[in-house]
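Structure, as structure tokens:
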DNA sequence: CTGAAAGCGCTAACAG
DNA sequence: CTGTTAGCGCTTTCAG
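Protein chains in written order, with the working numbering: chain F, 30 to 347; chain V, 30 to 347.
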């Protein structure tokens, strides 16, 4: 049999008689033959690699998105190639360049903010490009995510409705974490519309998020102990803060309310359930992967997921 | 200038005059040219992809290993391609096959237990193969990890030295999590040598690990409330158990001792620091990547890291 | 320092 | 259903 027949059998394309198919299978297995996809990719201009670019793997949000995406991609015979940018636009550009050199079947990357060169590369890629996590801005092609501004605003509204007024924000100190920034902006905008100004802010970087949540909470409460609500930019620091408050015996949510963000399942194991909003990370991973699997570049698909407030036990009932 | 000259400039190989180099750079940038690595890989039989195969991304251990590996690989111009097996040998084999089809520059994969077909493929790969996390067994080529049996044994010895005798083990219900199994085996062996039998066992699967830690602890203590030590197979369920115990007002570590495994930095934010042993995940990722970067297939390199007990505040001082 | 020729191992597109 | 013929876009090798 010719190499061509072998190729047809291994790819499951074209009509091949059952007899030759069996012979091919037997032979390839006996020889331990693994077809060379590099040659295959070059010949067919079709590649099963999908670039997935995330800022970090330290924040559980991204491994979860990646897991969900990976499941859908695998089912379609595609493979993720992961790149980590560390929230650094320069690194994002380099990683993207390196990945596009493999002519992937699609690109999934976090955020809507990218350098000019990155945008140019993505527009020229000719494959589905899905920007994930965020929908507040212009997408290059497809986008799947949530509106962080709206999420921040809705939480602010819920807090105000519950009667809290002396409110602080605790978050990460990362100039390029645009989504955290947008949550805070949406949050402040709604407070401002109600004539309420933020009564405190605290930012951290590095280290154990749980411990930092604890420290920041102590710091912000030490500075001004009449605060009645603390909004954390993620659930892990929120959990740390909650544990600190419980240790202090603060009355929650009567005296002090708390909320985080992400909807991590960590929440379920805390002594008191922290209020949060789901980041929809599994749906985002799945939907983004589906768009890539569909394979239509320039679809402009836009999926906005609407996370709801999970009030838990750390916000007073209005 | 010929395509050849362009190739030389872009790869930084061979002597090219400064003038032509500049012209090439300008032209490629103007055209947004991204060289095709598929063609390059086929022509040169050299590829910058490294297969990294892990059982899961839900357990923070693996994203951390991946992050550390990714840093070292990136610095050497290599890219990780991630595969997730879900602790399933069949999936491991398929993922491995798919990755080897790309003729990667190296393979990093978790564990020493693999199916016969997987082992054959790895032996035939002709590139560095690094089995990570575990050193209790035969490696195909290189291995970087810790001895889980020893880790389990050392913890058992520490517990016995502290005077605890009615000891339970709480872990995950995963037949293919060989490392958790080895920790438990090492643990039981040392207990047995001292004439102590496990006084309880509890296993879980799925769901929020923190919440499961809570539930399992409640279950095991409900079944037999004279237990004086609980050994958890990971820090997250350990943290859940610790929070449950603190909520119950149990005297820790006087009445009840606790320990986890992993050395996650989650530990730092708990009200009481849980005893644990470092899984050395960053070192493992770094060392494994270094071996791949060195590029010597069949080196048989073996790096055994020696995690130490971090006693925290949940084991009595002997 | 620069160029020309000859593939790398497959698959698309035709022929039989 | 099976085989043949051309490349895919680079890099290797060898000449200038």
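Using N, Cα and C, we set each Cβ at its ideal position, and we do this for glycine too.
Nothing here was measured: the structure is a model prediction, and the numbers come from that model.
Please classify residue 149/F as buried or exposed, where buried requires at least 16 neighbouring CB atoms within 10 angstroms.
The residue labelled residue 149/F in the question sits at position 120 within the first chain. That one is exposed.
Residues of chain F with CB under 8 angstroms from residue 243/V, in chain order?
Sequence index remark: in the second chain, residue 243/V carries index 214 (1-based). Per Cβ cutoff of 8 angstroms: 298.
Look up residue 331/V in the DSSP assignment and give the residues it is bridged to.
Looking up residue 331/V in the second chain gives position 302. 172/V, per the DSSP bridge assignment.
Between 119/V, 345/V, 207/V and 34/V, which lies nearest to residue 145/V when the distance is taken from Cα to Cα?
In the second chain, counting from the first residue as 1, residue 145/V sits at position 116. Considering only alpha carbons, the answer is 119/V.
Count the other C-beta atoms from every protein chain shown that fall within 10 angstroms of the C-beta of residue 33/V, then say buried if there are 16 or more, exposed otherwise.
To locate residue 33/V, count along the second chain from 1; it is residue 4. Result: exposed.
For residue 62/F, does the count of other Cβ atoms within 10 angstroms reach 16, so buried, or fall short, so exposed?
In the first chain, the residue the question calls residue 62/F occupies position 33. Exposed, since its Cβ has fewer than 16 Cβ neighbours within 10 Å.
Looking at residue 220/V and residue 191/V, is the spacing between their C-beta atoms short of 9 angstroms?
Position 162 of the second chain, counting from 1, holds the residue named residue 191/V. Position 191 of the second chain, counting from 1, holds the residue named residue 220/V. In this structure, residue 220/V does not lie closer than 9 angstroms to residue 191/V by Cβ.
What residue range is occupied by the uninterrupted beta strand (DSSP E) comprising residue 287/F?
Looking up residue 287/F in the first chain gives position 258. It spans 286 to 288 - the beta strand (DSSP E) in which residue 287/F sits, taken as one unbroken run.
Any idea if residue 257/V is buried or exposed, counting beta-carbon neighbours within 10 angstroms, 16 or more meaning buried?
Looking up residue 257/V in the second chain gives position 228. By the neighbour-count rule (16 or more Cβ atoms within 10 Å), residue 257/V is buried.
With distances taken from CA atoms, which of 302/F, 131/F, 107/F and 125/F is nearest residue 74/F?
Numbered from 1 along the first chain, position 45 holds the residue referred to as residue 74/F. Cα-wise, what sits closest to residue 74/F is 131/F.
Please say whether residue 107/F and residue 95/F have beta carbons closer to each other than 9 angstroms?
Translated into positions along the first chain, residue 95/F becomes position 66. Translated into positions along the first chain, residue 107/F becomes position 78. In this structure, residue 107/F does not lie closer than 9 angstroms to residue 95/F by Cβ.
Listed in chain order, which residues of the segment 51 to 70 of chain V have Cβ atoms closer than 7 angstroms to some Cβ of chain F?
Result list: 61, 63, 64, 65, 66, 67, 68 and 70.
For the segment 162 to 173 of chain V, list every residue whose C-beta sits within 8 angstroms of some C-beta in chain F, in sequence order.
Here the close residues number zero.
Give me the DSSP bridge partner(s) of residue 232/V.
Here residue 232/V corresponds to residue number 203 of the second chain, with the count starting at 1. Residue 232/V pairs with 200/V.
Hey, which unbroken runs of the alpha helix (DSSP H) at 4 residues or more fall wholly within the segment 252 to 278 of chain F?
You should have 264 to 277.
Which value, in whole angstroms, describes the spacing of the CA atoms of residue 203/V and residue 249/V?
By one-based count along the second chain, residue 203/V stands at place 174. By one-based count along the second chain, residue 249/V stands at place 220. Straight-line Cα distance between these residues: approximately 19 angstroms.
Kindly list the residues whose CB is nearer than 7 angstroms to the CB of residue 317/F, restricted to its own chain and excluding five residues on each side of it in sequence; keep chain order.
Counting from one through the first chain, the residue named residue 317/F turns up at place 288. 98, 137, 159, 161 and 173.
Using the C-alpha atoms, what's the distance from residue 293/V back to residue 305/V?
As a position in the second chain, residue 305/V is number 276, starting the count at 1. As a position in the second chain, residue 293/V is number 264, starting the count at 1. C-alpha separation (whole angstroms): 9 angstroms.
For the beta strand (DSSP E) that residue 83/F lies in, which residues bound it at each end?
In the first chain, the residue the question calls residue 83/F occupies position 54. Its beta strand (DSSP E) spans residues 78 to 83.
What's the C-alpha gap between residue 212/V and residue 178/V?
Within the second chain, residue 212/V is the residue found at index 183, counting from 1. Within the second chain, residue 178/V is the residue found at index 149, counting from 1. The alpha-carbon atoms of residue 212/V and residue 178/V are separated by roughly 5 angstroms.
Mind checking which residues open and close the alpha helix (DSSP H) that includes residue 188/F?
The sequence position of residue 188/F within the first chain is 159, counting from 1. 177 to 190 is the span of the alpha helix (DSSP H), which, as asked, contains residue 188/F.
Among all the DSSP beta bridges, which residues are the ones paired with residue 135/F?
Mapped onto the first chain, residue 135/F falls at position 106. The partner list for residue 135/F (beta bridge, DSSP) reads 79/F.
Tell me which residues share the same chain as residue 282/F and place their Cβ nearer than 6 angstroms to its Cβ, disregarding the 5 neighbours each side in the sequence.
Reading the first chain from its first residue, position 253 is the one you call residue 282/F. Closer than 6 angstroms at the Cβ level, and outside the excluded window around residue 282/F, lie 343, 344 and 345.
Counting only C-beta atoms, is residue 206/F closer than 9 angstroms to chain V at any point?
For the purposes of this step, residue 206/F is identified with residue 177 of the first chain, where counting begins at 1. Not closer than 9 angstroms to any Cβ of chain V, the Cβ of residue 206/F fails to qualify, so no.
Going by DSSP, what residue range makes up the beta strand (DSSP E) through residue 163/F?
Numbered from 1 along the first chain, position 134 holds the residue referred to as residue 163/F. Residue 163/F -> beta strand (DSSP E) spans 158 to 163.
In its own chain, which residues sit with a C-beta less than 6 angstroms from the C-beta of residue 315/V, not counting the 5 before and 5 after it?
Along the second chain, one-based indexing puts residue 315/V at 286. So the list reads 97 and 101, once near-sequence residues are dropped.
Under 9 angstroms, Cβ to Cβ, is there at least one residue of chain V near residue 294/F?
Within the first chain, the letter at position 265 stands for residue 294/F. Yes, contact with chain V.
Out of curiosity, what's the CA-to-CA distance linking residue 38/V and residue 72/V?
To locate residue 38/V, count along the second chain from 1; it is residue 9. To locate residue 72/V, count along the second chain from 1; it is residue 43. Roughly 17 angstroms separates the two Cα atoms.
Beta-carbon within less than 8 angstroms of residue 328/V's beta-carbon, same chain only, minus the 5 sequence neighbours each way: which residues are those?
By one-based count along the second chain, residue 328/V stands at place 299. 157, 170, 171 and 320.
Run down chain V in chain order and give the residues with a C-beta less than 8 angstroms from the C-beta of residue 240/F.
Sequence index remark: in the first chain, residue 240/F carries index 211 (1-based). The contacting residues are 294, 297 and 298.
Go to residue 215/F, then tell me how far its alpha helix (DSSP H) extends in each direction, as first and last residue.
Looking up residue 215/F in the first chain gives position 186. Counting along the chain, the alpha helix (DSSP H) containing residue 215/F begins and ends at 207 to 222.
Whole angstroms are fine: how far does the CA of residue 143/F sit from the CA of residue 112/F?
Walking along the first chain from the start, residue 112/F turns up at place 83. Walking along the first chain from the start, residue 143/F turns up at place 114. Those two C-alpha atoms are separated by around 15 angstroms.
What's the call for residue 231/F, buried or exposed, on a 16-neighbour Cβ count within 10 Å?
Walking along the first chain from the start, residue 231/F turns up at place 202. When all chains shown are included, residue 231/F counts as buried.
List, in order along the chain, the chain F residues whose C-beta lies closer than 7 angstroms to that of residue 127/V?
Start at 1 with the first residue of the second chain, and residue 127/V comes out as number 98. Per Cβ cutoff of 7 angstroms: 108.
What number of angstroms, rounded off, separates the C-alpha of residue 65/V from the C-alpha of residue 236/F?
The residue you call residue 65/V lines up with position 36 of the second chain. The residue you call residue 236/F lines up with position 207 of the first chain. Between residue 65/V and residue 236/F, the C-alpha separation is close to 40 angstroms.
Looking only at DSSP bridge pairs, what is residue 305/V linked to?
Position 276 of the second chain, counting from 1, holds the residue named residue 305/V. Bridge partners of residue 305/V: 339/V.
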